[in-house]
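Read in order, the letters of the sequence shown correspond to residues 7 to 387 in this note's numbering. Worksheet: one structure, shown below.
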Amino acid sequence: MAVPVLHTLASDVTRRAHRVAGGILTIDLGAVAANYRLLRERAAPAMCAAVVKADAYGLGAAHVAPTLYGAGCRLFFVAQLEEGVSLRRHLPPDATIAVLNGNLPGTEPDFAEHHLVPVLNSMEQVAAWLRFCGQGGRPYPAMLQVDTGMARFGLSDFEAEGLARDADARGRLDLRAVISHLACADEPENTANAKQLSAFRRVRELFPDVPASLAASSGIFLGPGYHFDIVRPGAALYGVAPQNGAANPLRPVVRLQGCVVQVREVPAGTAVGYGHSAVTAHPSRLATIAVGYADGLLRSASNRAAAWHGDKRLPLVGRVSMDSVVVDISALPEGAVSGGSLLDLIGPSQDIDATAQLAGTIGYEMLTGLGARFQRIYVSA
Ligand SMILES: *Cc1c(COP(=O)(O)O)cnc(C)c1O
Numbered sequence: 007m008a009v010p011v012l013h014t015l016a017s018d019v020t021r022r023a024h025r026v027a028g029g030i031l032t033i034d035l036g037a038v039a040a041n042y043r044l045l046r047e048r049a050a051p052a053m054c055a056a057v058v059k060a061d062a063y064g065l066g067a068a069h070v071a072p073t074l075y076g077a078g079c080r081l082f083f084v085a086q087l088e089e090g091v092s093l094r095r096h097l098p099p100d101a102t103i104a105v106l107n108g109n110l111p112g113t114e115p116d117f118a119e120h121h122l123v124p125v126l127n128s129m130e131q132v133a134a135w136l137r138f139c140g141q142g143g144r145p146y147p148a149m150l151q152v153d154t155g156m157a158r159f160g161l162s163d164f165e166a167e168g169l170a171r172d173a174d175a176r177g178r179l180d181l182r183a184v185i186s187h188l189a190c191a192d193e194p195e196n197t198a199n200a201k202q203l204s205a206f207r208r209v210r211e212l213f214p215d216v217p218a219s220l221a222a223s224s225g226i227f228l229g230p231g232y233h234f235d236i237v238r239p240g241a242a243l244y245g246v247a248p249q250n251g252a253a254n255p256l257r258p259v260v261r262l263q264g265c266v267v268q269v270r271e272v273p274a275g276t277a278v279g280y281g282h283s284a285v286t287a288h289p290s291r292l293a294t295i296a297v298g299y300a301d302g303l304l305r306s307a308s309n310r311a312a313a314w315h316g317d318k319r320l321p322l323v324g325r326v327s328m329d330s331v332v333v334d335i336s337a338l339p340e341g342a343v344s345g346g347s348l349l350d351l352i353g354p355s356q357d358i359d360a361t362a363q364l365a366g367t368i369g370y371e372m373l374t375g376l377g378a379r380f381q382r383i384y385v386s387a
């Protein structure tokens, strides 16, 4: 019996979205590649690496990393060993994958087996790596991190000096980069930047034959003095603004559309949502969207952020629930929105940074918090 074709491809996509999810997350890989090229041009002649930790900031490293490789990137950073092991399967052998957390005790053989490069952050990690290289009879590649003023990862300047003077240890380490990380790079006026820069220049003098890397996304925009040999952007690749208050030169990468479940008309004085935190001032038309804090729409965005229908702002009303949120659609003509309609939660009128700011946080947290329940669509515009 012939099976009738009931749906076009487009309606299949939305039907699936209605089944599995409260919305559609569209990830523009073309924009990721364009952002990579822009950052590389800004940083030239420095080499441009890419940070794809936390599953490429929640966007899917299996899709994002090969896109970046296609744009010319050959050096990738992840945070955890396991992220590196899984990323290795998605990249050709000439891509270097460095693991920022370094070699936790006993993991050294995994780095060799999967061709991963640890970032050595402490003398403990350096010593364990030297022992491992000694057993293997050869120096496996590694990077070294030195703390220049963040008290998070890396050798102290004192330890770095000791290591640099230890000719025996130096001879047994195959260092591919010496790195440090800026604490306040998104604030160009912050005097901590210049302090970290001069501390890093001293570190570089200790390891003059090793490529040096200081700048992540925001650091690239502090100027050429911060670029050294390698830059390591993450967030900017994904469209997050690199500098507070300045125009964002990067292309937006994500669009989040929430699916309307139902629409209702309510009189003035109607209390909405948990805790009745909002009460309608006028007769209103409300739409319930199937996206909540379990999907990364932060509860702190309650009564602050908005959904959008084109350029029409539709304020969130009441608290964000786990799986839903209510928006006021009174600004739209009757019938413009009904069950199954899609409204933008992150999109052209309210980008990732604006949405995050309304929720009292930063684009990074919003991006990495976007949930697993969305229908994810990858496009290469
Ligand atoms: C996360 C991270 C980066 C990338 O930072 P962005 O601000 O996302 O560009 C670079 N280097 C290190 C050490 C990091 O932890």
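All residues carry an ideal CB built from backbone N, CA and C; glycine is no exception. Small disclaimer: the values here were computed from a predicted structure and weren't measured.
- Item | Paired residues, beta bridge with Cys-265 - DSSP | DSSP lists Leu-348 as partners of Cys-265.
- So, using beta-carbon positions, are Ala-277 and Val-269 closer together than 8 Å? No, they are not a contact pair.
- Message: Between the stretch 296-304 and the stretch 333-346, can you find at least three pairs of beta-carbon atoms closer than 8 Å?
- Response: No, they do not touch.
- Query: So, are the CB atoms of Phe-213 and Leu-161 less than 8 Å apart?
  - Reply: No, these two residues do not count as a Cβ contact at 8 Å.
- Query: Alpha carbon to alpha carbon, what distance is there between Ile-236 and Tyr-75?
  - Reply: Straight through space, the alpha carbons of Ile-236 and Tyr-75 are spaced by roughly 16 Å.
- Please report the Cβ distance between Ala-37 and Ala-387, rounded to the nearest whole angstrom; I am assuming they are in contact, meaning their Cβ atoms lie under 8 Å. Taking a contact as a CB-CB distance under 8 Å, the pair Ala-37 and Ala-387 counts as one, their CB atoms being some 7 Å apart.
- Item | Residue interval of the alpha helix (DSSP H) (run including Ile-358) | Ile-358 -> alpha helix (DSSP H) spans 358-364.
- Query: DSSP state of Gly-275, grouped into three classes?
  - Reply: If DSSP states are grouped into helix, strand and coil, Gly-275 belongs with coil.
- Cutoff 8 Å; reference Val-385; Cβ partners in own chain excluding five residues on either side: Cβ neighbours of Val-385 beyond the five flanking positions: Thr-32, Ile-33, Asp-34, Leu-35 and Gly-36.
- Query: At which residue ranges does the stretch 143-194 contain complete beta strand (DSSP E) runs of 3 or more residues, listed in the order of the chain?
  - Reply: Within the stretch 143-194, the beta strand (DSSP E) runs of at least 3 residues that lie entirely inside it are, in chain order, 147-151 and 180-185.
- Measure the Cβ-Cβ separation of Ala-191 and Ser-219 and say whether it is below 8 Å. Against a cut-off of 8 Å, the Cβ pair of Ser-219 and Ala-191 comes out as no contact.
- I think Arg-80 touches Thr-113, with their Cβ atoms under 8 Å apart; what is that distance to the nearest whole Å? The pair is not a contact, with the Cβ atoms about 24 Å apart (cut-off 8 Å).
- Gly-346 Cβ short of 7 Å to ligand 1 heavy atom set: Answer for Gly-346: no, Cβ out of range of ligand 1.
- What's the gap between the Cα of Leu-364 and the Cα of Ala-313? Roughly 12 Å separates the two Cα atoms.
- Task: Taking all protein chains shown into account, decide if Asp-153 is buried (16 or more other Cβ within 10 angstroms of its Cβ) or exposed.
- Result: Flag for Asp-153 reads buried.
- Query: For Val-58, does the three-state DSSP call read helix, strand or coil?
  - Reply: Of the three classes helix, strand and coil, the one that applies to Val-58 here is coil, per DSSP.
- Query: Is the beta carbon of Val-105 less than 8 Å from the beta carbon of Leu-126?
  - Reply: Cβ atoms of Val-105 and Leu-126: not closer than 8 Å.
- Query: Between Ala-241 and ligand 1, is the CB less than 7 Å from at least one heavy atom?
  - Reply: Short note on Ala-241: C-beta closer than 7 Å to some heavy atom of ligand 1.
- Query: Val-57: beta carbon under 7 Å from a heavy atom of ligand 1?
  - Reply: Because some heavy atom of ligand 1 lies under 7 Å away, the Cβ of Val-57 counts as near it: yes.
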